[in-house]
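Student: Have a look at this one before I ask anything.
Residue numbers (the working numbering): 1 to 201.
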C-alpha cells in the first residue's frame, strides 16, 4: 500500500505542468539595422584614417632620417676635404723647406701644379665674369636704347601737338581777320547807302 501511495504521488508530480522560465534574450530581428551599419561604417572609416595617419607619419620620419643621413655624409665629406687641405698645406710647407735647402729657391712639382690649377681657375673665372659683364652691358644697352626711343617718341608727339596748336591759332587768327574785314565792308556799304539816300532826299 505504501508503495502504491508513493507511485501515485510520483504520478501527480509528473502530471503538474513545469513552469517555463521567461526568455531573457530579446527576439531576433531579421530586418536590417541601419544604425548598426552606420556605426560599423564609421568604425571602418576611423580605422582607415588612422592607417593613413600612421603611413604619413612613417613617411615623414623616413624623410627626416634620409635628410639627417645626407647631412651627416656631406659633413663627413667637408671634414675629409678640410683634412686634405690641411695635409696639402703641410706638404707644401715641407716641400718649400726642402726645396729651399736643396736648390736654394726652387719650387716643388706640387707647387707648380697648384699654380697651374690656380691660373686655370682664374682664367675660367675671368671667362665667367667676362660673360656676366657682357650680359650686363647688353641689358644696359637695350635699356638705354628703349629709353632713347621712348624719349624720341615723346618728343615727336610734343612737336606734333605744338604744330597742331600753332595751326589752330593761325586758323583762328585768319578767321577773326576775315570776320573783321567783312564787318568793316558791311559798315562801309551801309554808310554808302545812307549817304546816297541823303543825297536823293
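Ideal Cβ placement from N, Cα and C applies to all residues, glycine included.
(1) Out of 120, 156, 89, which has the shortest C-alpha to C-alpha gap to residue 108?
(2) So residue 111 and residue 92 are supposed to be a Cβ contact under 8 Å. How far apart are they, rounded?
(3) Assign residue 23 to buried or exposed, taking buried as 16 or more other Cβ atoms, counted over all protein chains shown, within 10 Å of its Cβ.
(4) Under a three-way DSSP split, which group does residue 28 fall into?
(5) Residue 197: buried (16+ other C-beta within 10 angstroms of its C-beta) or exposed?
(6) For residue 159 and residue 146, what's the separation of their Cα atoms in angstroms?
(7) Measuring straight from C-alpha to C-alpha, what distance separates residue 157 and residue 121?
(8) Would DSSP call residue 108 helix, strand or coil?
(9) What number of angstroms, rounded off, separates the C-alpha of residue 103 from the C-alpha of residue 84?
(10) Buried or exposed: where does residue 185 fall if 16 or more other Cβ atoms within 10 Å of its Cβ makes it buried?
(11) Keeping to the same chain, check which residues put their C-beta closer than 6 Å to that of residue 66; ignore five residues upstream and five downstream.
(12) If you draw a straight line from the C-alpha of residue 51 to the C-alpha of residue 63, how long is it?
Tutor: Put simply:
(1) Translated into positions along the chain shown, residue 108 becomes position 108. When each option's Cα is compared against that of residue 108, the closest is 89.
(2) Residue numbering aside, residue 111 sits at position 111 when the chain shown is read from its first letter. Residue numbering aside, residue 92 sits at position 92 when the chain shown is read from its first letter. With 8 Å as the limit, residue 111 and residue 92 qualify as a contact, their Cβ atoms being about 6 Å apart.
(3) Counting from one through the chain shown, the residue named residue 23 turns up at place 23. Note on residue 23: pLDDT 47, under 50, position unreliable in the model; no value is reported.
(4) Within the chain shown, residue 28 is the residue found at index 28, counting from 1. With a pLDDT of only 49 at residue 28, under the threshold of 50, the placement of this residue in the model should not be trusted; the figure read from the coordinates follows. Here residue 28 sits in coil by DSSP.
(5) Numbered from 1 along the chain shown, position 197 holds the residue referred to as residue 197. Counting the other Cβ atoms within 10 Å of the Cβ of residue 197 gives fewer than 16, which makes it exposed.
(6) Locating residue 159 in the chain shown gives position 159, counting from the first residue. Locating residue 146 in the chain shown gives position 146, counting from the first residue. Approximately 20 Å, taken between the alpha carbons.
(7) Residue numbering aside, residue 157 sits at position 157 when the chain shown is read from its first letter. Residue numbering aside, residue 121 sits at position 121 when the chain shown is read from its first letter. Taking C-alpha positions only, residue 157 is separated from residue 121 by approximately 54 Å.
(8) For the purposes of this step, residue 108 is taken as the residue at position 108 of the chain shown. Coil.
(9) As a working mapping, residue 103 is identified with position 103 in the chain shown. As a working mapping, residue 84 is identified with position 84 in the chain shown. Confidence is the limiting factor: at residue 103 the pLDDT is only 49, short of 50, which leaves the residue's position unreliable, though a coordinate-based value still follows. Across the structure, residue 103 and residue 84 are spaced so that their CA atoms are roughly 27 Å apart.
(10) By one-based count along the chain shown, residue 185 stands at place 185. Exposed, since its Cβ has fewer than 16 Cβ neighbours within 10 Å.
(11) Position 66 of the chain shown, counted from the start, is the residue given in the question as residue 66. The beta carbon of residue 66 sits closer than 6 Å to none of the beta carbons in its chain outside the five residues before and after it.
(12) Your numbering for residue 51 matches position 51 in the chain shown. Your numbering for residue 63 matches position 63 in the chain shown. Cα to Cα, residue 51 sits roughly 18 Å from residue 63.
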